[in-house]
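Heads up, the thing below is written out as structure tokens.
Numbering (our numbering), first residue to last: 88 to 487.
Quick look at the structure:
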């Protein structure tokens with residue numbers, strides 16, 4: 088258990104490298120002709136999972152926070168573990184369904200509870216696929232062309248996986264998406280494939296992808312907005328001031344608008360985002376395309392006067408924990424009202440409790456939320472080890 092006294096979060100910080108883009112760049116580099124230098128990388132559990140998934144089809148050299156990745160002849164029989172990484176499981180399952188040979192993918196009990204069935208059903212059109220809790224077996228003879236329909240309202244990772252499968256198919260592929268959630272991550276996948284020379288067209292719920300992929304030489308991983316949001320929100324709810332550098336374009340940039348809507352002073356200068364000032368008014372935001380912002384946005388709402396609404400969050404039930412309930416748990420322990428109804432989370436503060444005992448529920452983003460909450464009201468967090476999944480260096484930023 089880690090105990091933290093109330094104190095402002097202040098300072099100038101370098102943003103942690105984007106986890107979603109790190110994973111996408113690693114897997115694209117493994118499929119691309121030529122060698123690619125990718126960095127900087129935060130060697131979190133999820134990024135290491137992507138490197139393990141890439142290893143059977145590529146040569147990987149790690150020096151410090153950078154990796155050089157080059158395609159090689161795929162091993163005919165390969166096995167690796169993705170641990171708790173749902174993205175790596177779904178994308179690796181799809182791309183290995185298009186690569187000749189036999190593959191065994193192991194996954195943790197936690198990630199095995201998350202949805203995969205719809206993707207497996209589609210992949211069985213192209214390969215022999217057996218899915219049992221914790222283990223995925225794939226036998227593929229290669230794929231000529233992909234032409235599928237998939238639900239996009241369960242997880243956007245299904246769509247991203249099929250985009251990678253299309254990139255390795257001899258004649259590319261067409262994906263018809265039924266329903267959209269977290270669409271910014273589909274756009275991020277498209278941008279990465281284009282960066283590696285892939286041809287991607289997205290129009291009216293239909294995605295067309297054609298390879299082959301070729302190395303751009305090197306790619307720089309920008310900062311992660313969803314993780315940096317805990318620093319920016321942390322400054323607002325603890326009375327501090329932070330500047331976070333290295334934040335260019337990327338998923339979850341919407342946190343800037345969320346902060347501004349609450350009345351927090353936010354300045355953007357180049358790739359540096361600064362925040363200070365307490366939230367002065369409630370927020371009403373749609374997070375259907377930015378679900379990873381729900382924990383920091385909920386914490387921000389807890390300190391704003393009045394009743395805030397976080398809409399489009401029903402999808403949170405399928406994350407590392409049921410985040411609808413675990414966010415409510417963190418807020419409830421602070422004495423903040425949090426009610427879920429009709430796909431929206433309604434939050435009404437301010438916090439009434441002090442010196443709180445928080446639980447992480449085995450979820451890295453809930454753990455980050457709890458750490459920032461403890462910096463604001465004081466208290467203890469039961470187990471911070473889940474943070475290693477995405478941002479292992481976070482305690483150096485968030486603990487005074």
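Where a beta carbon is used, it is the ideal one built from N, C-alpha and C, also for glycine.
Quick caveat, the model's predicted, so the values are computed rather than measured.
Whose C-beta lies closer than 8 Å to the C-beta of residue 495 among residues of the same chain, with five residues either side of it excluded? This structure leaves residue 495 out entirely; the chain is present only between 88 and 487.
DSSP has residue 123 in a bridge; who is on the other side? 156
Since residue 379 sits in a beta bridge, which residues does DSSP pair it with? Partner(s): none; residue 379 has no beta bridge.
Taking DSSP as the reference, what is the three-state secondary structure of residue 199? helix
Taking Cβ to Cβ, would you say residue 392 is nearer than 8 Å to residue 316? no
What separation, rounded to the nearest whole angstrom, lies between the Cα atoms of residue 159 and residue 293? 31 Å
Report the rounded CA-to-CA distance for residue 429 versus residue 302, giving the unit in angstroms. 45 Å
Can you grab the Cα-Cα spacing for the pair residue 376 / residue 271, in whole Å? 6 Å
Determine the burial state of residue 335: buried for a count of at least 16 other Cβ atoms within 10 Å of its Cβ, exposed for fewer. exposed
Between the region 238-247 and the region 212-220, do three or more beta carbon pairs fall short of 8 Å? no
Cβ-based burial, residue 305 [other Cβ within 10 Å; buried from 16]: exposed
Delimiting residues of the beta strand (DSSP E) encompassing residue 276: Careful: residue 276 lies outside any beta strand (DSSP E), inside the alpha helix (DSSP H) at 270-282.
Sequence ranges, beta strand (DSSP E) only - wholly within the region 239-269, length at least 3: 260-265
Is it the case that the Cβ atoms of residue 174 and residue 329 are separated by a distance below 8 Å? no
Would you identify the three-state DSSP class for residue 213, choosing helix, strand or coil? coil
DSSP state of residue 413, grouped into three classes? helix
Enclosing beta strand (DSSP E) for residue 354 [first to last residue]: 352-356
Assuming residue 210 contacts residue 184 (C-beta within less than 8 Å), just tell me the rounded distance between them. 4 Å
Please list the terminal residues of the continuous beta strand (DSSP E) segment that includes residue 363. 359-363
Can you tell me the Cβ-Cβ gap for residue 128 and residue 152, rounded? I've got them flagged as a contact below 8 Å. 5 Å
Out of 97, 130 and 112, point me to the one whose CA is closest to residue 476's CA. 130
Could you check whether residue 280 and residue 245 sit closer than 8 Å to each other, using their CB atoms as the reference points? no
To which residues of the same chain is residue 105 closer than 7 Å at the C-beta, ignoring the five residues directly before and after it? 308, 309, 310, 311 and 337
Within the same chain, show all residues whose beta-carbon is closer than 8 Å to that of residue 177, passing over the 5 residues directly before and after it, in chain order. 203, 206, 242, 244, 245, 247 and 248
Quick check: what's the CA-CA separation for residue 348 versus residue 470? 32 Å
To the nearest angstrom, report how far apart residue 275 and residue 108 are at their CA atoms. 7 Å
Taking 8 Å as the cut-off, decide whether the C-beta atoms of residue 389 and residue 436 are in contact. yes
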